[in-house]
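Some notes on the structure that comes next.
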Amino acid sequence: MPAMAALLVLLLAVAAPLAGADDPYRYFTWTVTYGPISPLGTTQQGILINGQFPGPRIDCVTNDNLLVTVVNNLDEPFLLTWNGIKQRKNSWQDGVAGTNCPIPPAANYTYKFQAKDQIGTFTYFPSLALHRAAGGFGALNVYQRPRIPVPYPPPAGDFTLLVGDWYRAGHRQLRQSLDAGAPLPPPDGLLINGARSPPAFVGARGGTYLFRVSNVGLRASVNVRIQGHRLRLVEVEGTHPVQNAYDSLDVHAGQSLAFLVALDQPPLDYAVVVSTRFAPANLTAVATLHYAGATARAPGPLPPGPPGQYDWSVNQARSFRWNLTASAARPNPQGSFHYGAIPTSRTLVLASSSPALAGRRRCAVNGVSFVVPDTPLKLADNYNIANVIEWDSLPARPAGGAPPRAGTPVVRLNLHEFVEVVFQNTENELQSWHLDGYDFWVVGYGDGQWAEMQRRTYNLVDAQARHTVQVYPNGWSAILVSLDNKGMWNLRSAIWDRQYLGQQLYLRVWTPQQSFSNEYSIPTNAILCGRAAGLPH
């Protein structure tokens, strides 16, 4: 039995006796250090977790409780965020600068969170100081509970691919460039699981295997394809899509998906190709799909990528549809929630830009460039600390001729609101937006300026649900989101230099009813810093 299939069987076997009992706990201790890595052939300083680059993979089951103790042996404060994990009622564990004080050097912090009602392919990565450019990222795979079916037979095994762009320059050098107002240079290469040519993915002819792909790079969109094989899409960021087959799939910054591949070709070695999209220089990384017993490579050149125009990618994005009859992490079908029939309570139109502030390039949302305060917003809100948060200071629509400015905007929303958000891109580069704490329905993509009349084009029946959406140049993407998770949630660019330069804000989803059914209390081990230092938990 292949190793990953054995692991899946073991996880399900462990979960089975607990299905009717308390949800199990899984404990991890991770030590974060610097160490030498050579992903592009020359040695550079990387960020390692337990000596590993990429970091350890977490494999768990829906509703498992995860306790991850992070020991920071770097010389800088450090945080991890759990990309796509909703942190139900628990934004205290989100691991971003607006919710958590950083872990100081030579200190530790234990994250305590649950993969509540989730299934699928997720990641974690460092959220501060451009540490992500040096490593510290890894995979987090959530498997289904035994009683919850997925809409495909159990695969013979599954493979995790962490893909993304990479720089030879260290995170400090890249950070200095951004702080000086310079843009990031083009990346120096692409990586698959920390290497340009990683170990082969091994399977047996006649089997069908699940490939989990996450774009953990700083900014580049990529395309994934496998020589001589079709990719049957079966998961998009924790939800089940209609199972269309593709020759290749685009994966934008911060996004994840999974597809099935039938090993139905002659037993040879086939190229697994990842290449950049919409970039001046075409970068490629190549892995191998090895049929057990194969002794030769498949003939022919590497499979070419799709056309370079954005239209191809837009059409593929529109072809992703929510599988209405499939169960998600719960037994009820995904389509039992009729999102298209729910009236929206408000609309936010969020336009990205790259203004100059104090003579240096920044990034902004509706003219406001986010500046991280010394006191995390969640702590300031919890302790009623004044003059930290700029409540509702972000215009609900682009501010027209208003000059750009720096700020710490938090948009106040009510628990159980149903909100329309339009991401407007007036720039010539593709954008990628992520919302912590939620997934959302991507109801439309369009060209030019969004207007109310565009709602007539929305998909209000089976739009794909996900947590990160791309916005094509000089276009817009529209989402609908049900605000059922109380907390302080980061809405940010998933293109990491833009996030670092201020293209982010926070949503405070709130109700005056104080109850553990809505939100957990501040953790007793929470690190307190800034103006919250020394206050009681």
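For reference, each letter of the sequence shown is one residue, going -21 to -1, 1 to 516 in mature numbering (1 follows the signal peptide of the UniProt record, and there is no 0).
Even for Gly, the Cβ is constructed at its ideal location relative to N, Cα and C.
Taking residue i as part of the beta strand (DSSP E), name the residues at either end of that continuous run.
i	result
TRP468	466 to 472
LEU430	Per the sequence shown, the amino acid found at residue 430 is Ala instead of Leu. Per DSSP, ALA430 belongs to no beta strand (DSSP E) and is neither H nor E.
ASP38	37 to 40
ALA359	Per DSSP, ALA359 belongs to no beta strand (DSSP E); it is in the alpha helix (DSSP H), 356 to 361.
Excluding the five sequence neighbours on either side, which residues of its own chain have a C-beta within less than 7 Å of the C-beta of residue i, listed in chain order?
i	result
ARG147	LEU19, THR21, GLN23 and ASP167
LEU247	TYR270, ALA273, ALA275, ARG276 and ALA277
ASP371	VAL390 and ARG391
ASP223	The sequence given here places Asn at residue 223; Asp does not occur at that position. Closer than 7 Å at Cβ, skipping near neighbours: LEU212 and SER298.
GLU408	PRO452
TYR4	ASN44 and LEU46
For residue i and residue j, I'd like the C-alpha separation in whole angstroms.
i	j	result
residue 523	THR267	The chain is shown from -21 up to 516; residue 523 falls before or after that span and cannot be answered.
ALA277	LYS65	42 Å
ARG391	SER456	22 Å
GLN206	LEU358	51 Å
GLN449	TRP475	14 Å
SER461	LEU486	13 Å
ASN404	VAL252	29 Å
PHE104	GLY233	10 Å
VAL215	PRO177	24 Å
residue 526	VAL398	The requested residue 526 does not occur in the structure, where the chain is confined to residues -21 to 516.
SER331	GLY380	14 Å
ASP229	GLY74	28 Å
ALA305	PHE419	17 Å
SER254	ASN202	5 Å
Let me make sure I understand the geometry here. Which of the options has the alpha-carbon closest to that of residue i?
i	options	result
GLU164	TYR90, GLY173 and TRP145	Checking the sequence, you will find Pro at residue 164 rather than Glu. Cα-wise, what sits closest to PRO164 is TRP145.
ALA452	ALA442, GLN428, ASN469 and LEU514	The sequence shown places Pro at residue 452, rather than the Ala named in the question. Of ALA442, GLN428, ASN469 and LEU514, the residue nearest in Cα terms is GLN428.
PRO312	GLU369, ASN44, LEU303 and ASP360	LEU303
SER472	LEU414, PHE138, TYR499 and ASN464	LEU414
ASP38	THR78, ILE364 and GLN123	GLN123
ALA94	ALA258, LEU109, GLY114 and LEU45	LEU45
LEU373	ALA365, VAL367 and ARG384	ARG384
HIS150	ILE501, TYR424, LEU53 and VAL40	LEU53
ASN42	ILE127, ASN87 and THR102	ILE127
residue 517	GLY217, LEU141, SER227 and GLY160	No answer is possible for residue 517: the residues shown for the chain start at -21 and end at 516.
PRO220	PRO280, ARG154, HIS231 and ALA307	ALA307
ALA118	ASN497, PRO388, PHE316 and ARG36	ARG36
ASP441	PRO259, HIS317 and PHE238	HIS317
If you count every other CB in all the chains shown that lies within 10 Å of the CB of residue i, and 16 or more means buried, which is it?
i	result
PRO33	buried
HIS395	exposed
ALA(-1)	In this predicted model, ALA(-1) has a pLDDT of only 45, less than 50, meaning its place in the structure is not dependable enough to derive any value.
ASP158	exposed
ASN69	buried
MET467	buried
ARG111	buried
TRP9	buried
GLN410	buried
ASP290	exposed
ARG256	buried
SER348	buried
LEU(-12)	Below a pLDDT of 50, predicted positions are generally treated as unreliable, and LEU(-12), at 41, falls in that range; no measurement from the model is reported.
VAL11	buried
Tell me the residue span of the alpha helix (DSSP H) that contains residue i.
i	result
LEU247	Segment: none, LEU247 is in no alpha helix (DSSP H) and carries neither H nor E.
residue 545	What is shown of the chain runs -21 to 516, which leaves residue 545 out entirely.
residue 532	Lying before the first or after the last residue shown, residue 532 is absent from the chain, which here runs from -21 to 516.
Once the 5 residues before and after residue i are set aside, which same chain residues still bring their CB inside 6 Å of it?
i	result
PRO134	THR187, TYR188 and LEU189
GLY182	TYR188 and LEU242
PHE180	PHE138 and LEU268
In chain order, what residues of the same chain have a beta carbon less than 8 Å from the beta carbon of residue i, not counting five sequence neighbours either side?
i	result
ARG339	ASP158, ALA159 and GLY160
With a threshold of 7 Å, establish whether the CB of residue i neighbours any heavy atom of the ligand GTP.
i	result
PRO310	No copy of the ligand GTP occurs in the structure displayed, which carries no ligand at all.
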